[in-house]
Amino acid sequence: MSEGIAQADQPPAREGEGRDLFSKFDDVIAMREGLLSKGVEDPFNLVMEQVLSPTRAICNGRETILLGTYNYMGMTFDPDVVEAGKQALADFGSGTTGSRVLNGTYQGHKDVEDSLREFYAMDHAMVFSTGYQANLGIISTIAGKGDYILLDIDSHASIWDGCALGNAEIVPFKHNDVEALEKRLKRLPEDAGKLVILEGVYSMLGDIAPLKEMVAVSRKYGAMILVDEAHSMGFIGENGRGVAEQAGVMNDVDFIIGTFSKSVGTVGGFCVSNHPKFEIMRLVCRPYVFTASLPPSVVATACVSIRKLMHGAEKRAHLWENSRMLHKGLRELGFTLGTDEPQSAIIAVIMPDLEQGAAMWEALIKNGLYVNLARPPATPANMTLLRCSLCAEHSEDEVRQILEIFETAGRQVGII
Amino acid sequence: MQELDEHMDRSQVDERIRELAQPFNKKGIEITDTTTFQNDLEFDSLTVMDFVAAIEDEFDIIISMNQQAEIETYGQLVDTVHKLQVKP
Chain C
2 MSEGIAQADQ
12 PPAREGEGRD
22 LFSKFDDVIA
32 MREGLLSKGV
42 EDPFNLVMEQ
52 VLSPTRAICN
62 GRETILLGTY
72 NYMGMTFDPD
82 VVEAGKQALA
92 DFGSGTTGSR
102 VLNGTYQGHK
112 DVEDSLREFY
122 AMDHAMVFST
132 GYQANLGIIS
142 TIAGKGDYIL
152 LDIDSHASIW
162 DGCALGNAEI
172 VPFKHNDVEA
182 LEKRLKRLPE
192 DAGKLVILEG
202 VYSMLGDIAP
212 LKEMVAVSRK
222 YGAMILVDEA
232 HSMGFIGENG
242 RGVAEQAGVM
252 NDVDFIIGTF
262 SKSVGTVGGF
272 CVSNHPKFEI
282 MRLVCRPYVF
292 TASLPPSVVA
302 TACVSIRKLM
312 HGAEKRAHLW
322 ENSRMLHKGL
332 RELGFTLGTD
342 EPQSAIIAVI
352 MPDLEQGAAM
362 WEALIKNGLY
372 VNLARPPATP
382 ANMTLLRCSL
392 CAEHSEDEVR
402 QILEIFETAG
412 RQVGII
Chain D
161 MQELDEHMDR
171 SQVDERIREL
181 AQPFNKKGIE
191 ITDTTTFQND
201 LEFDSLTVMD
211 FVAAIEDEFD
221 IIISMNQQAE
231 IETYGQLVDT
241 VHKLQVKP
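Residue numbers (the working numbering), protein chains in the order written: chain C, 2 to 417; chain D, 161 to 248.
Below is the structure:
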């Protein structure tokens, strides 16, 4: 399982020192040292000294094309978005210093929730301080003792952690397998509360869920449905509402979880819903209550960005062109990809193993291209992946350069 | 899936799980009631998931992760499945 719990060995008792609580990290420390001892540039310690645009930065002293930022719609440098942030900073100060339910709700928080209601055409919207907290809060709060959560085995860490924080019975099923989901739904007590958790786009391989079938089967057995659309907002579905919209099941989904840290271009998380009692979540959801709200500048940038995404049809079309072009080009170069067709703005290049993956990552960065290196245990089936996420602001020429860099690096490392 | 007698006894449950475990027991380690999945059989989380899914489908039951967390040894697994399959 991608985010499953790997139990470490018992920490050894050392004479005179008691037990070192850090012993449990020895395997990870050894793996990291092993990697770095070969002289590889540390893939998990990259510093961007300057950010030039949504697609360019100076990384470790080199000008670099960014292909691993989830900045899908390139909103981070949008002049209207930046201006809104500056204005809010001047008008409302640098932070709220308080919880949403106490002194932390400013006009901007209400405005951004209004923009989400409009964007998704849903009755309720609740903004959290991060996307991680949105999953953590909603999942742990709505599914309680005696309830059942059925979730895809490749779910994101924030979903697993939401399950771990709550008291429900947790039942995982095989990735994107409708039959495995139905079999398990069928076996649950009829009168138990049931929550099915799905993602629109799975971020490791960039594949999408068969939501039409999965939502139908979940409904059939009386389960409520939560869909995390973090990696689809703004460019999948007619109005950019995500895979649920594309699959025509928006009205059958009870909760959509999303984030401001990808297409929206800032930080924050949210849940939108039509549930008539949804507003009570503001009082009972601990990760919402016991944390400070987002700074005024952040909610102001998010609000403008979301409203602009409603009219982003052209950018959206260009993002898809980029995704298709990169997918086709990488395939032609002989790389193994996570999906047969481009299904999202994520193209995952499967590496033979961690060592060659790290070598390839380093060759790419030295040639001026940044991608995400994803490694076990965060990956399905313990794969090592180079994850590429495209941006609507990548020009056709940049995608061509990206392919050239992949070709050069691939030959240097001997992968193609 | 085979038709199950509602009152399959423990040894029958044991026999069937033993068959299901075989393809996952790559080193052919001898399995007793005290054999542990993590240390003796060296099951990683992916193997656990596939093994549990096979048992769930064979016995038409659910073994939630909460229940899995309580199971360390082969004998505990057989006990759990035996209990679960006689329940309505």
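Glycine residues also receive a C-beta, built at the ideal position from the N, C-alpha and C atoms.
It should be emphasised that the depicted structure is a prediction, and the values quoted were computed from it without experimental measurement.
Please tell me whether C/Leu391 and C/Gly330 are closer than 7 Å, where the distance is taken between their beta carbons.
Taking 7 Å as the cut-off, the beta carbon of C/Leu391 is found no closer than this to the beta carbon of C/Gly330.
With distance defined between alpha-carbon atoms, name the residue in C/Leu90, C/Cys164, C/Cys60 and C/Ser298 nearest to C/Leu370.
When each option's Cα is compared against that of C/Leu370, the closest is C/Cys60.
Identify the residues that DSSP records as bridge partners of C/Pro173: which are they?
The partner list for C/Pro173 (beta bridge, DSSP) reads C/Leu152.
From C/Tyr73, C/Ala89 and C/Asn46, pick the residue whose C-alpha is nearest to that of C/Ser54; which is it?
Across the set C/Tyr73, C/Ala89 and C/Asn46, the C-alpha of C/Tyr73 shows the shortest separation from the C-alpha of C/Ser54.
Which same chain residues end up closer than 8 Å to D/Thr233 when comparing Cβ atoms and leaving out the 5 residues on each side of it in sequence?
Contacts found: Asp193, Thr194, Thr195, Thr196 and Phe197.
Three-state secondary structure assigned by DSSP to C/Arg188
C/Arg188: helix per DSSP, three-state reduction.
Within 7 Å of any Cβ in chain C, is that where the Cβ of D/Ile222 sits?
At least one C-beta of chain C is nearer than 7 Å to the C-beta of D/Ile222.
With DSSP as the reference, please indicate the residues paired to D/Gln236 in a beta bridge.
According to the DSSP secondary-structure assignment, D/Gln236 is paired through a beta bridge with no residue.
With a cut-off of 8 Å on the beta carbons, I'd call C/Leu186 and C/Ser219 a contact; round off their distance for me.
With 8 Å as the limit, C/Leu186 and C/Ser219 qualify as a contact, their Cβ atoms being about 7 Å apart.
Could you tell me the boundaries of the alpha helix (DSSP H) in which C/Leu117 lies?
Counting along the chain, C/Leu117 sits inside the alpha helix (DSSP H) bounded by residues Gln108 to Tyr121.
Runs of 4 residues minimum, wholly inside the region 166 to 222 of chain D: which ones carry the alpha helix (DSSP H) assignment?
Every alpha helix (DSSP H) of 4 residues or more that sits fully in the region 166 to 222 of chain D is shown, in chain order, as 170 to 181 and 205 to 219.
Which residues mark the beginning and the end of the alpha helix (DSSP H) in which C/Glu405 is found?
Note, C/Glu405: alpha helix (DSSP H), Glu397 to Val414.
Just by C-beta distance, which residues in the region 152 to 176 of chain C are closer than 7 Å to chain D?
Of all residues in the region 152 to 176 of chain C, Ile154, Glu170, Ile171, Val172, Pro173 and Lys175 have a Cβ within less than 7 Å of some Cβ in chain D.
Using a Cβ cut-off of 9 Å, which residues of the region 364 to 389 of chain C contact any Cβ in chain D, in chain order?
Within the region 364 to 389 of chain C, the residues whose Cβ lies closer than 9 Å to any Cβ of chain D are, in chain order, Pro378, Pro381, Ala382 and Asn383.
How many angstroms separate the CA atom of C/Val82 from the CA atom of C/Phe236?
A straight-line Cα-Cα distance of about 18 Å links C/Val82 and C/Phe236.
Which residues share a DSSP beta bridge with C/His125?
BP columns for C/His125 point to C/Ser274.
Could I get the ranges of all uninterrupted alpha helix (DSSP H) runs contained in the region 271 to 353 of chain C, with 4 residues as the minimum, in chain order?
Listed in chain order, the complete alpha helix (DSSP H) runs (minimum 4 residues) inside the region 271 to 353 of chain C are 282 to 285, 287 to 290, 297 to 310 and 314 to 334.
Span separating the alpha-carbon of C/Gly339 from that of C/Phe291
The alpha-carbon of C/Gly339 is positioned some 39 Å away from that of C/Phe291.
With burial defined as no fewer than 16 other Cβ atoms inside 10 Å of the residue's Cβ, what is the status of C/Val285: buried or exposed?
C/Val285 should be labelled exposed.
Identify the continuous beta strand (DSSP E) that holds C/Ser219 and give its terminal residues.
C/Ser219 -> not in any beta strand (DSSP E); alpha helix (DSSP H) instead, spanning Leu212 to Lys221.
Under 7 Å between C-beta atoms of C/Asn136 and C/Ile160:
The Cβ atoms of C/Asn136 and C/Ile160 sit closer than 7 Å to each other.
Sequence-distant residues of its chain with Cβ nearer than 6 Å to C/Met326 (five each side left out)
Only Val400 meet the Cβ criterion.
Indicate whether at least one CB of chain D lies closer than 7 Å to the CB of C/Arg188.
At least one chain D Cβ lies under 7 Å of C/Arg188.
Which of helix, strand or coil does DSSP assign to C/Arg101?
Coil.
Between the CA atoms of D/Val173 and C/Pro387 - distance to the nearest angstrom
A small fix is needed here, since residue 387 of chain C is Leu in this sequence, not Pro. The straight-line gap from Cα to Cα measures roughly 44 Å.
is_contact[D/Asp239, chain C] using C-beta, thresh 7 Å
Closer than 7 Å: no.
Counting only beta-carbon atoms, is D/Met209 nearer than 7 Å to chain C?
Chain C contact via Cβ: present.
Using 8 Å as the threshold, is the region 248 to 261 of chain C in touch with the region 194 to 213 of chain C, meaning 3 or more CB pairs across them?
Contact between the region 248 to 261 of chain C and the region 194 to 213 of chain C is present, because at least three Cβ pairs lie under 8 Å.
Below 8 Å on C-beta distance, what does C/Ala181 contact in chain D?
Using a Cβ-Cβ cut-off of 8 Å, C/Ala181 is close to Ala213 of chain D, given in chain order.
Check for me: the beta strand (DSSP E) holding C/Gly259 runs from which residue to which?
From DSSP, the beta strand (DSSP E) with C/Gly259 extends over Phe256 to Thr260.
For C/Pro288, count neighbouring Cβ atoms within 10 angstroms of its own Cβ and tell me buried if that reaches 16, exposed if not.
Around the beta-carbon of C/Pro288, 16 or more other beta-carbon atoms lie within 10 Å, marking it buried.
When C/Thr77, C/Ala382, C/Gln402 and C/Leu374 are compared against C/Cys389, the one with the closest alpha-carbon
Measuring C-alpha to C-alpha distances from C/Cys389 to each of C/Thr77, C/Ala382, C/Gln402 and C/Leu374 identifies C/Leu374 as the nearest.
From C/Tyr149 to C/Pro353, what does the alpha carbon distance come to, in whole angstroms?
Approximately 37 Å between the Cα atoms of the pair.
Just mark C/Asp192 as buried or exposed, buried being the case when its beta carbon has 16 or more other beta carbons within 10 Å.
Under this definition C/Asp192 is an exposed residue.
Using DSSP bridges, identify the partner residues of C/Thr385.
BP columns for C/Thr385 point to C/Met352.
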